[in-house]
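What follows is a short report on a single structure.
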Amino acid sequence: MARILTGIQSSGKPHLGNLLGAILPAIELSKDEKNESFFFIADLHSLTTIKDAQTRIDNINSVAAAWLACGFDTEKNLFYRQSKVPSVCELAWYLNCYTPFPMLANAHSFKDKSDRLSDVNAGLFTYPVLMAADILLYDAEFVPVGKDQKQHLEMARDIASGFNHQYGETFVLPEARIDENIMTIPGIDGQKMSKSYGNTIDIFQTDKKLRKNVMQIVTDSTPMEEPKNPDSCNVFALYKVLGNEAQIAEMRSNYEGGNYGYGHAKQALYELIVDRFGDIREKYEYYINNLEELEKKLQEGEQRAASIADQVLKRVRAKIGY
Ligand code: ADP
Ligand code: TRP
6 MARILTGIQS SGKPHLGNLL GAILPAIELS KDEKNESFFF IADLHSLTTI
56 KDAQTRIDNI NSVAAAWLAC GFDTEKNLFY RQSKVPSVCE LAWYLNCYTP
106 FPMLANAHSF KDKSDRLSDV NAGLFTYPVL MAADILLYDA EFVPVGKDQK
156 QHLEMARDIA SGFNHQYGET FVLPEARIDE NIMTIPGIDG QKMSKSYGNT
206 IDIFQTDKKL RKNVMQIVTD STPMEEPKNP DSCNVFALYK VLGNEAQIAE
256 MRSNYEGGNY GYGHAKQALY ELIVDRFGDI REKYEYYINN LEELEKKLQE
306 GEQRAASIAD QVLKRVRAKI GY
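Encoded structure:
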């Protein structure tokens, strides 16, 4: 049984890119009988940038609802909020005292954030230590992450092996799992879809708003009658990600045949999204309107997570004399 663990940022409502690039592949991985998955919402990390309480609560709810709607099995696996197992903060403090200052000062993500953000707080600086605690507190073996998190994983491993070297075998050394095959989903302007570019497709909104969102996809001004090049079109790029082979071939011939406008292509894409995500959208609505059910599932995960965390923490305290 391999223990897989990953943290999910609660930085906003998940969009189509998050679903296809992160949530659905992680859920696929969690279905493997050989794996036991610990997926948690990194709501303590979010305090480094999000200070408004209600915004954080709303983000946590929408992220949790999206994972449940996409079919994450919370009985086979563990699903919890990082902040609800506060022993992670205790471990993070211990680890802080074993983390060389230059290791943190040289982190790419800290350098990048401290250049961009006006609020450069100490939490941003020690972000990787809390992340190491997230992983080491549960004896995680594999950590699926995006390429941007590679250095953070190396730091977690270095901190763990430094500690083991000094005190003997205490922590499991975690390994990053970086899936190079996951594609980047384009946004409505053709750049990578991202909350920070304001170019997302939000599938968790009403049909009417979703349709409007799809209609906003940027296209050129080739007149309706003329043939069009599907390979340079943002609508086709998304259609290609979602459609089956026959649908894609038909759409390609519509573009190349002429007398088929971008409005038609957008309508077809909208219908495809509604069709493909109908069930997921319905379940999302259900959880958002029944938050007590979502809360119950999270609390169950949190109880199980806390009892595992306690055992690991005891092991650590014993080594360092607390
Ligand atoms: P955003 O860029 O919208 O802020 P995050 O950085 O919070 O998204 O990403 C959360 C997860 O979703 C990460 O695993 C990331 O790799 C994945 N993801 C985000 N945008 C895309 C995209 N356009 N295509 C594929 N995966 C994406
Ligand atoms: N830093 C990760 C991100 O930005 C989120 C995260 C927090 C995480 N703790 C983690 C990921 C532990 C993996 C393991 O996406």
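Position in the sequence shown counted from 1, then plus 5, gives you my numbering. Every residue, glycine too, gets a C-beta built ideally from N, C-alpha and C. Small disclaimer: the values here were computed from a predicted structure and weren't measured.
Taking the Cβ of residue 150 as the reference point, at least one heavy atom of the ligand TRP falls within a distance shorter than 7 Å.
Contact check for residue 202 and residue 192: beta-carbon distance about 6 Å, within the 8 Å limit, so the pair qualifies.
Annotation: residue 42 to residue 237 spans about 39 Å, alpha carbon to alpha carbon. Among the bridge pairs identified by DSSP, residue 191 is matched with 197. The shortest C-alpha to C-alpha distance from residue 257 to any of 301, 277, 162, 232 is the one to 232. Taking residue 178 as the centre and dropping the five residues before and after it, the same chain places the C-beta of 162, 165, 166 closer than 7 Å to its C-beta, in chain order. Here the C-alpha atom of residue 36 lies approximately 14 Å from the C-alpha atom of residue 149.
Boundaries of the alpha helix (DSSP H) around residue 270: 267-294.
A Cβ-Cβ distance of about 5 Å is found for the pair residue 134 and residue 100, placing them in contact under the 8 Å criterion. The stretch 42-59 makes contact with the stretch 136-154: 3 or more CB pairs, one atom from each, lie closer than 8 Å. Residue ranges of uninterrupted beta strand (DSSP E) with 3 or more members, entirely inside the stretch 130-190 and ordered along the chain, are 147-149, 180-182.
Per DSSP, residue 44 lies in no alpha helix (DSSP H) segment; the continuous beta strand (DSSP E) that holds it begins and ends at 40-47. One Cα belongs to residue 103, the other to residue 307, and the distance between them is close to 27 Å. Boundaries around residue 84 are those of the beta strand (DSSP E), 83-86, since no alpha helix (DSSP H) includes it. For residue 58, the enclosing alpha helix (DSSP H) stretches over residues 58-74. Judged by DSSP secondary structure, residue 262 falls within the alpha helix (DSSP H) whose first and last residues are 250-262.
DSSP places residue 14 within a strand segment (E or B) once states are collapsed to three. In this structure, the alpha-carbon of residue 325 lies about 11 Å from that of residue 173. Using a Cβ distance threshold of 8 Å, residue 64 and residue 17 count as a contacting pair. Per the C-alpha coordinates, the member of 276, 56, 87 positioned closest to residue 10 is 87.
Three or more beta-carbon pairs drawn from the stretch 261-276 and the stretch 239-252 are found closer than 8 Å, and the two stretches are therefore classed as touching. With a cutoff of 7 Å, residue 26 counts as near the ligand ADP, since its C-beta is closer than that to a heavy atom of the ligand. Taking C-beta atoms under 8 Å as the contact rule, residue 321 and residue 96 qualify, at a distance of about 7 Å.
Nearest C-alpha to residue 213 among 121, 131, 66, 279: 279. The three-state reading of DSSP puts residue 112 in coil, since its state is none of H, G, I, E or B. Note on geometry: alpha-carbon atoms of residue 184 and residue 98 lie some 31 Å from one another.
With respect to the C-alpha of residue 55, the residue from 108, 129, 120, 7 having the closest C-alpha is 129. Per DSSP, residue 212 is one residue of the alpha helix (DSSP H) stretching across 212-220.
Per the DSSP secondary-structure output, residue 7 pairs in a beta bridge with 40. When the five nearest sequence neighbours on each side are left out, the beta carbons in the same chain lying within less than 7 Å of the beta carbon of residue 76 are those of 32, in order along the chain. With contacts defined by Cβ atoms closer than 8 Å, residue 50 and residue 132 form a contacting pair. Short of 8 Å from the beta carbon of residue 253, and not among the five residues preceding or following it, lie these beta carbons of its own chain, in chain order: 244, 245. The beta carbons of residue 7 and residue 299 sit about 27 Å from each other, so the pair does not count as a contact at 8 Å. Per DSSP, reduced to three states, the secondary structure at residue 307 is helical.
Rounded to the nearest whole angstrom, the C-alpha separation of residue 217 and residue 316 is 51 Å.
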